[in-house]
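Enquirer: Encoded as structure tokens, here's the structure I'll be asking about.
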Amino acid sequence: MANPRGSAVEEINQADALTVSEFGTPLSAEAKSTAVSAGSGMGFRHTVREVMRMRMAKFAAIVLFATVIAAVFAPWLAPYDPTKSKPWDSLQAPSSKYWLGADRLGRDQLSRLIYGARISLIIGVAGVSMAVVMGVLIGVTAGWYGRFWDEVLMRFMDGLSAFPNLLLALALVAITGAAVYNIILVVGIVGTPWVARVIRSQVLSVREREFIMAVTGMGAPPWRIMLRHLIPNCMAPVIVQASLAVAGAILLEAGLSFLGVGVKPPTPTWGGMLRGAFETMDQAPWLTFSPGLAIFLVVLSFNFLGDALRDVLDPKLKGSRL
Amino acid sequence: MRKYLIRRFLNMIPTLILVSLIVFSILRLLPSDPVRILAGIDESGAIDPALYARIKSELGLDRPLIVQYASWMGGVMAGNWGKSYLTGMQVFPQIVERLKFTVQLGLAAWVFGVTLGISLGTISAIKRNSAADIAVTTFAISGVAIPHFWLGMLLIILFSVWLGWLPFGGFNANLLTSPGLWLRQMLLPTFVLGTGLAAILMRQTRAALLEVMREQYILTARSKGVEERWVILRHAMKNSLLPVVTVASLQFGTLIGGTVVTETVFTLPGVGKFVVDAVIQRDYLVVQMGLLVLTIGVMLSNFAADIIYTYLDPRIRYD
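Here's what the structure looks like:
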């Protein structure tokens, strides 16, 4: 792994570089447990953990399936219009009419929760896809052309990743505005540096392999080598990490909405619902429970899914998170 | 080693310049025109071109970009950060004032997170696969997935709304003159901000300790008849804590980033909340400087982490 910042700490962690991601957020730490727990648990105890992992994967599958269903079929599932305010129902407690209560404007909390799944999933998935596209472009250019381009592009990535994620996102949203596609772009920009780093390090090793030399020798044009041979062979670690990155992106979006700079109201978002609930916390504390729980469960599930994917696609790292 | 540290410091300079360039261009890319705001005319209204030109040249906005950047950087270094377009107040003293709070919160949360993380991680490793281990592991898995602001809200509901034990938020205490009040006001924010760090360090400590416990020298110590708790405290911990301390010091920067949300939930007078308010009110100079200050803070704390690491581990040579 490249070590553009010249940090000793990064140097000793080279082996873990591929597992360090989630938008540069805390997960880097447990990556280091990788080599440790693998193979350390034997016999019966090992099976206990195996069973737990399987349960986690099942749990993740159920939660994510339910979330996708909610997002896709929101208009049919939601009992009320999520944006229609009924002031006379303001801050209603959960009841048979409003299962999860109604917010300050009298909007049904459950309907908003169901519709909110759309924003979270769209921004999470599209934002990470954007990060992957931009990161691959930058990482391949830097790794393949080397020298000048490597220096310029990776320095720029260093600069970007020096900012705390949420702060950078805040400042970028101030520039772009808060439309959904802008938030996707911002989430993508914030996530780009880690993809670029992973891809670049992969390119540096893959381009030395014989088959690349072979296709070069056969006179294939550079774009063809990159598209058909180089990139496909560099993607594995990124794909494994993408699911964890989606979790990070969903948290980031919720944070922006909570701070009041995310997707504009009245569009229902989980972070925005929490912001509303925050303002009426002393009168209607129940409004804080469901959106927060939704974010928590979905983020948790994407984390579990990421672990499961890693176990399947990259068995060397098995058991790294439990 | 000194050579290494100097090189590491010099390596930081290009990134610093780049960061400052990005921050500088953020203000230039913004959709609003500070000259119009200062001229006091709404975006649709007519503007006296003479007045517009005068304000523009007063702000130095009519000069080439490179000159603007150079003079901006000069001002930044001299502590002359300009006045907020909105309130007309000097930005530098305001940020310094709020930085005092943010640093307090960051340090408190860091100490809390490190203490909790290492102790729980140790318990979890010693009592491997016990109920305690599973509880700690569950806490660690949840700790990285829970949105900070939600955790903060739940705690406010529990301790302030329902139990009435702690204030809703806000901060006006002084650690030295009113330590009791300080503790009451800092307790929840510290917990919220430190939880993520604790979760990470728990896993890290658990894994590192389990790895070390399989080493030969632990077996030797045990067969010499050393009591188990001394085996762990004196022999195992010493070697396993090195990577943990490294991660802990690197995470200080992440904590600084996390203050934005925590300060907003608990209405605390820190830089993070200042920046968030500025974004909403479109007070872009404050956004710009807050972003720059916090980012440089993160970079410096990572640099400090490197220094600590080089002192802690004499086995590694840097030449």
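Same order as they appear, the protein sequences are chains A and B.
FYI, the numbering for the first sequence is 1 to 322, going by our numbering.
FYI, the numbering for the second sequence is 1001 to 1319, going by our numbering.
Even glycine gets a Cβ: it sits at the ideal position worked out from N, Cα and C.
Bear in mind that the values here come from a model prediction, so they are computed numbers and not experimental data.
Straight-line CA distance for S96 (chain A) to S111 (chain A)?
Expert: Looking up residue 96 (chain A) in the first sequence gives position 96. Looking up residue 111 (chain A) in the first sequence gives position 111. Roughly 14 angstroms between the two C-alpha positions.
Enquirer: How far does the alpha helix (DSSP H) with V263 (chain A) in it extend, from its first residue to its last?
Expert: Indexing the first sequence from 1 puts residue 263 (chain A) at position 263. Element bounds for V263 (chain A): n/a, residue is neither H nor E.
Enquirer: Looking only at DSSP bridge pairs, what is D108 (chain A) linked to?
Expert: The residue labelled residue 108 (chain A) in the question sits at position 108 within the first sequence. A:A102.
Enquirer: With a threshold of 6 angstroms on Cβ separation, who are the neighbours of L121 (chain A) within its own chain once the five nearest residues in sequence on each side are excluded?
Expert: As a first step, residue 121 (chain A) is located in the first sequence; it is residue number 121 there, counting from the start. So the qualifying residues of the chain are A71.
Enquirer: Does the beta-carbon distance from V240 (chain A) to L313 (chain A) come in below 8 angstroms?
Expert: In the first sequence, residue 240 (chain A) corresponds to position 240, counting from 1. In the first sequence, residue 313 (chain A) corresponds to position 313, counting from 1. Yes, Cβ-Cβ distance for V240 (chain A) and L313 (chain A) is below 8 angstroms.
Enquirer: For the alpha helix (DSSP H) that P1064 (chain B) lies in, which residues bound it at each end?
Expert: Reading the second sequence from its first residue, position 64 is the one you call residue 1064 (chain B). Taken as a continuous stretch (DSSP letters only), P1064 (chain B) belongs to no alpha helix (DSSP H), as it is neither H nor E.
Enquirer: Measuring only between beta-carbons, confirm whether G1257 (chain B) sits less than 8 angstroms from chain A.
Expert: The residue given as residue 1257 (chain B) occupies position 257 in the second sequence. It does: the Cβ of G1257 (chain B) has a partner Cβ on chain A nearer than 8 angstroms.
Enquirer: What would DSSP say about K1100 (chain B), mapped onto helix, strand or coil?
Expert: Against the second sequence, residue 1100 (chain B) aligns to sequence position 100. In this structure, K1100 (chain B) counts as helix in the three-state DSSP scheme.
Enquirer: From the DSSP output, which residues share a beta bridge with K1083 (chain B)?
Expert: What you label residue 1083 (chain B) is simply residue 83 of the second sequence in a count that begins at 1. K1083 (chain B) pairs with B:Q1090.
Enquirer: Where does I1146 (chain B) sit, in a helix, a strand or coil, going by DSSP?
Expert: One-based indexing of the second sequence puts residue 1146 (chain B) at position 146. If DSSP states are grouped into helix, strand and coil, I1146 (chain B) belongs with coil.
Enquirer: To which residues of the same chain is A57 (chain A) closer than 7 angstroms at the C-beta, ignoring the five residues directly before and after it?
Expert: Taking the first sequence and counting its residues from 1, the one referred to as residue 57 (chain A) is at position 57. These residues qualify, in order along the chain: F304, A308.
Enquirer: Could you tell me whether any Cβ in chain A is nearer than 8 angstroms to the Cβ of T1326 (chain B)?
Expert: Given a span of 1001 to 1319 for chain B in the structure shown, any question on residue 1326 (chain B) remains unanswerable.
Enquirer: Which same chain residues, not among the five before or five after R275 (chain A), have their C-beta less than 7 angstroms away from its C-beta?
Expert: One-based indexing of the first sequence puts residue 275 (chain A) at position 275. Sequence-distant Cβ neighbours of R275 (chain A) in its own chain, meaning closer than 7 angstroms and more than five residues away, are S257, F258, G260.
Enquirer: What would DSSP say about L1151 (chain B), mapped onto helix, strand or coil?
Expert: Taking the first residue of the second sequence as 1, we reach residue 1151 (chain B) at position 151. When secondary structure is reduced to three states using DSSP, L1151 (chain B) falls in the helix class.
Enquirer: In this structure, does DSSP put R1214 (chain B) in helix, strand or coil?
Expert: Position 214 of the second sequence holds residue 1214 (chain B). When DSSP states are grouped into helix, strand and coil, R1214 (chain B) belongs to the coil group.
Enquirer: Could you give the distance in angstroms between the alpha-carbon of Y1217 (chain B) and the alpha-carbon of P1147 (chain B)?
Expert: Locating residue 1217 (chain B) in the second sequence gives position 217, counting from the first residue. Locating residue 1147 (chain B) in the second sequence gives position 147, counting from the first residue. Y1217 (chain B) and P1147 (chain B): Cα-Cα distance of roughly 42 angstroms.
Enquirer: Can you pull out the residues from the stretch 219–247 of chain A whose beta carbon lies closer than 9 angstroms to at least one beta carbon of chain B?
Expert: A247
Enquirer: Does any residue of chain A bring its CB to less than 8 angstroms from the CB of P1167 (chain B)?
Expert: Residue mapping note: residue 1167 (chain B) aligns to position 167 of the second sequence, counting from 1. No, its Cβ sits nowhere closer than 8 angstroms to a Cβ of chain A.
Enquirer: Below 8 angstroms between beta carbons is the criterion; list the residues of the stretch 181–200 of chain A that meet it against any residue of chain B, in chain order.
Expert: none
Enquirer: Return the first residue and the last residue of the alpha helix (DSSP H) that I183 (chain A) is part of.
Expert: Here residue 183 (chain A) is taken as the residue at index 183 of the first sequence, counted from 1. Start and end: 180–206.
Enquirer: Among A:M213, A:M52, A:H229, which residue has its Cα nearest to the Cα of N1129 (chain B)?
Expert: Numbered from 1 along the second sequence, position 129 holds the residue referred to as residue 1129 (chain B). With distances taken between Cα atoms, N1129 (chain B) lies closest to A:M52.
Enquirer: Is Q1185 (chain B) helix, strand or coil when you go by DSSP?
Expert: One-based indexing of the second sequence puts residue 1185 (chain B) at position 185. If DSSP states are grouped into helix, strand and coil, Q1185 (chain B) belongs with the helices.
Enquirer: For L121 (chain A), which residues in chain B fall below 9 angstroms Cβ to Cβ?
Expert: Mapped onto the first sequence, residue 121 (chain A) falls at position 121. Those do not exist, as L121 (chain A) stays about 16 angstroms from chain B at its closest Cβ, beyond 9 angstroms.
Enquirer: Which residues in the same chain as V1144 (chain B) place their Cβ atom closer than 8 angstroms to its Cβ, once the five residues preceding and following it in sequence are excluded?
Expert: For the purposes of this step, residue 1144 (chain B) is taken as the residue at position 144 of the second sequence. Cβ within range, chain order: G1196, A1199, I1200.
Enquirer: Please name the residue in A:F302, A:V186, A:I138, A:W270 whose C-alpha comes closest to that of Y115 (chain A).
Expert: Position 115 of the first sequence, counted from the first residue, corresponds to residue 115 (chain A). With distances taken between Cα atoms, Y115 (chain A) lies closest to A:W270.
Enquirer: Is there a Cβ of chain A sitting closer than 8 angstroms to that of V1192 (chain B), yes or no?
Expert: Within the second sequence, numbered from 1, the residue matching residue 1192 (chain B) stands at position 192. Chain A, which has no Cβ nearer than 8 angstroms to the Cβ of V1192 (chain B), makes this no.
Enquirer: Between N165 (chain A) and G1257 (chain B), how many whole angstroms is the CB-CB distance? I'm expecting something under 8 angstroms.
Expert: The residue labelled residue 165 (chain A) in the question sits at position 165 within the first sequence. The residue labelled residue 1257 (chain B) in the question sits at position 257 within the second sequence. So it is a contact: roughly 6 angstroms between Cβ atoms.
Enquirer: Does the pairing of the stretch 221–237 of chain A with the stretch 170–186 of chain A give three or more beta-carbon distances under 8 angstroms?
Expert: In short, these stretches do not touch, since the Cβ pair count stays below three.
Enquirer: Can you grab the Cα-Cα spacing for the pair W223 (chain A) / L137 (chain A), in whole Å?
Expert: Numbered from its first residue, the first sequence carries residue 223 (chain A) at position 223. Numbered from its first residue, the first sequence carries residue 137 (chain A) at position 137. Between W223 (chain A) and L137 (chain A), the C-alpha separation is close to 12 angstroms.
Enquirer: Are L1292 (chain B) and S1020 (chain B) touching if we call contact CB-CB under 8 angstroms?
Expert: Numbered from its first residue, the second sequence carries residue 1292 (chain B) at position 292. Numbered from its first residue, the second sequence carries residue 1020 (chain B) at position 20. Going by C-beta atoms, L1292 (chain B) is nearer than 8 angstroms to S1020 (chain B).
Enquirer: Between L1294 (chain B) and chain A, is there a C-beta pair that is closer than 8 angstroms?
Expert: Looking up residue 1294 (chain B) in the second sequence gives position 294. True, the Cβ-Cβ gap to chain A drops below 8 angstroms.
Enquirer: Among residues of its own chain, excluding the 5 on either side of V87 (chain A), which ones have a beta-carbon nearer than 6 angstroms to its beta-carbon?
Expert: What you label residue 87 (chain A) is simply residue 87 of the first sequence in a count that begins at 1. Contrary to the premise, residue 87 (chain A) reads as Pro rather than Val in this sequence. Same-chain partners within the cutoff: G106.
Enquirer: For T288 (chain A), count the other beta carbons within 10 Å of its own beta carbon; 16 or more makes it buried, fewer makes it exposed. Which is it?
Expert: If you number the first sequence from 1, residue 288 (chain A) lands on position 288. Flag for T288 (chain A) reads buried.
Enquirer: Name, please, each residue of chain B whose Cβ falls closer than 7 angstroms to the Cβ of A57 (chain A).
Expert: As a first step, residue 57 (chain A) must be located in the first sequence, where it is residue number 57. Within chain B, no residue comes near A57 (chain A); the closest Cβ sits about 13 angstroms away, beyond 7 angstroms.
Enquirer: Of all Cβ atoms in chain A, is any one closer than 8 angstroms to the Cβ of I1026 (chain B)?
Expert: Walking along the second sequence from the start, residue 1026 (chain B) turns up at place 26. Chain A, which has a Cβ nearer than 8 angstroms to the Cβ of I1026 (chain B), makes this yes.
Enquirer: For a minimum of 4 consecutive residues, which ranges assigned as the alpha helix (DSSP H) are wholly contained in the stretch 1223–1298 of chain B?
Expert: 1237–1265, 1271–1281
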